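First residue of the sequence shown? That's 64 in our numbering, and the numbers climb one at a time after it.
We treat Cβ as the ideally placed atom computed from N, Cα and C, and that holds for glycine.
Keep in mind it's a predicted model, so treat the numbers as computed, not measured.
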Amino acid sequence: KDRLIAFLQSFGAIQGKADGYKYAGTDRRGYAVEPGAGAEKGTVLGPVPSLSDVLASGVGQRFSFELGYDQAMMMFQPVGGMDAIPKALERAVGAHKITYEAAATGFANVPGGVEVSWKDKRGREHVERADFCVVATPPHIAARLRHNLGDAVGNALRTPVPVSVGKIGLEYRSRWWELQDHMYGGVVPTDTDLSNMWFPSYGFQGRRGTVIGYYNVGPNAEVYGRLAPDDRTRRAVDQGVKIFGDRYRTELDSAFSVAWHRTPGLEAGWVGWPNQDGPEYKLLNEPQGNVYFAGDWLSHVIAWQHGAFTSARKVVTTLHQRVMAA
C-alpha cells in the first residue's frame, strides 16, 4: 500500500495523507503565464477540473498508445521517404533482374521444380520455370491465381480477412501547427471519420510541411476510398477545419491520398487472421512441394515491414537448408 501511494504521489502528483491524498494541480498542466525572469513566477493553469469532468472528456484514453511494442518513439525515417527502402533493395538485387508492371497469373509444382505464369504490361502471357518459387503475393490475391496445391491451400489463402485502410497527405505552405500551436510531431486521435491525424516529426521550423490528414481503417476508410481523390481532400479538409480552424484550408497547397484496399496488387492495407494458431496459418508457413509463401501476413507482426522481412528470412533460411541437405 505504501509503495502504491508513493507511486501515485510521483506519477499522479497526489498530495500526502495530511491533505487527504487530493490532487490539487501541478505545473504539468501547463501555465496560463509562463515562468520568466525577475519576479515572474508563472501562473499555473486552473482551476482543476473534477474527476468526473476529466473522465467524461476522454482525455488519457490514448496515453498508452505510444508505449506499444510497435509504436516505440522515436523511430528513424529513411532519408527521401519510405520508398528509399525498396529502392535500396532494388539496387542490391539488380534492377535488370526485376520485371515491373507484371501480374502473376498462376504458380504450380511440376516435375523437377515449379512453373510461374505471368502477364506483362501488354497482356502477353509468359511462363517461367525454376527449382523453387516464393509467393509473396497477399493471400486474398494469391487465392485467385491458378495453382495445383490443392483445396486445403486455397481455403487457407482465403482465411485471412483483408482490411480496408486509407491515408491522405496534406502539404501546407507554412508549418502553422508549430508556429501557432507549438505542436512538434505526434498523433491527434479524433472522433470524426478521419480517425487519426499525424503531424511531422522532421523538418522543424522549416518553410513547408506535410500532415497526415487521416489514417483510417474499416468503414471510415471505405467511405473515403469510394470518393475521387479531389473529393477525399475536400472531405478531409472540411473535417480538419472543425478541429484547427480555417488555416487548415487556407494554407493547403497540395494533397495525395491512398486507399490501399483499392490498390492493384494489394487490395488491402493488411489482413487479419481469425486465429494464427489455426491449421491454415500453420499450413501456409510450411513448404507446399517446391512452393513457399512469405509475407507480413505469415508473421506475428502483420502490417509492418519487420513482419515481411522476418517471414522472408525464415523462408530463405529454410530453403537454403533444404538445398544444402539435398
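Review point. So, is M260 buried or exposed, given that buried needs 16 or more other C-beta atoms within 10 angstroms?
Key: Counting Cβ neighbours within 10 Å, M260 comes out buried, since at least 16 surround it.
**Study point:** At least 3 beta-carbon pairs within less than 8 angstroms: the stretch 223 to 235 vs the stretch 258 to 277
**Key:** The count of Cβ pairs closer than 8 angstroms, one atom from the stretch 223 to 235 and one from the stretch 258 to 277, reaches three, so the stretches are in contact.
**Study point:** First through last residue of the beta strand (DSSP E) which encompasses S317
**Key:** DSSP places S317 in the uninterrupted beta strand (DSSP E) bounded by 315 to 322.
Review point. With respect to the alpha helix (DSSP H) encompassing V280, which residues constitute its N-terminal and C-terminal limits?
Key: Annotation: V280 is outside any alpha helix (DSSP H); the continuous beta strand (DSSP E) that includes it extends over 272 to 280.
Point to revise | The beta strand (DSSP E) enclosing L233, as first and last residue numbers | key: From DSSP, the beta strand (DSSP E) with L233 extends over 228 to 235.
**Study point:** One or two residues paired with T106 in a DSSP bridge
**Key:** V96.
Exercise for review: Keeping to the same chain, check which residues put their C-beta closer than 6 angstroms to that of V251; ignore five residues upstream and five downstream.
Suggested key: Take V251, set aside five residues on each side of it, and the residues of its chain with a beta-carbon closer than 6 angstroms to its own are M260, in chain order.
Practice item. Confirm, please, whether the CB-CB distance from W240 to F262 is below 8 angstroms. Key: In this structure, W240 lies closer than 8 angstroms to F262 by Cβ.
**Study point:** Spatial distance of G83 from L71 (CA atoms)
**Key:** Each residue's Cα considered, the two are about 13 angstroms apart.
Practice item. Please confirm whether G358 and A199 have their CB atoms less than 8 angstroms apart. Key: Yes, the Cβ-Cβ distance between G358 and A199 is below 8 angstroms.
Point to revise | The beta strand (DSSP E) enclosing M260, as first and last residue numbers | key: Bounds of the beta strand (DSSP E) holding M260 are 259 to 262.
Check your understanding: How long is the line joining the alpha carbons of R91 and A76, rounded to whole angstroms?
Key -> A direct Cα-to-Cα measurement between R91 and A76 gives close to 9 angstroms.
Check your understanding: Below 8 angstroms between beta carbons: does that hold for G121 and L108?
Key -> Judged by their CB atoms, G121 and L108 are not nearer to each other than the 8 angstroms cut-off.
Practice item. State the Cα-Cα distance for the pair V190 and L208, rounded to the nearest angstrom. Key: L208 has its alpha-carbon roughly 14 angstroms from the corresponding atom of V190.
Review point. If T222 sits next to W336, beta carbons under 8 angstroms apart, how far is it from one beta carbon to the other, in whole angstroms?
Key: Confirmed, about 7 angstroms.
Check your understanding: With 16 other CB atoms within 10 Å as the buried threshold, where does G360 fall?
Key -> Checking the sequence, you will find Trp at residue 360 rather than Gly. Under the 10 Å beta carbon count, W360 is surrounded by 16 or more other beta carbons and is classified as buried.
Check your understanding: Taking the beta strand (DSSP E) that Y344 falls in, what are its first and last residues?
Key -> In the DSSP annotation of this structure, Y344 is not part of any beta strand (DSSP E); the continuous alpha helix (DSSP H) holding it starts and ends at 342 to 347.
**Study point:** Start-to-end residues for the beta strand (DSSP E) that takes in G332
**Key:** Looking at the DSSP string, G332 is not in any beta strand (DSSP E), and its letter there is neither H nor E.
**Study point:** Uninterrupted beta strand (DSSP E) stretches inside the stretch 144 to 209 (no shorter than 3 residues)
**Key:** Here the runs fully enclosed are 166 to 173, 176 to 182, 188 to 193, 196 to 198.
Check your understanding: Between the stretch 163 to 176 and the stretch 202 to 219, do three or more beta carbon pairs fall short of 8 angstroms?
Key -> Yes: the two stretches touch, three or more of their Cβ pairs being nearer than 8 angstroms.
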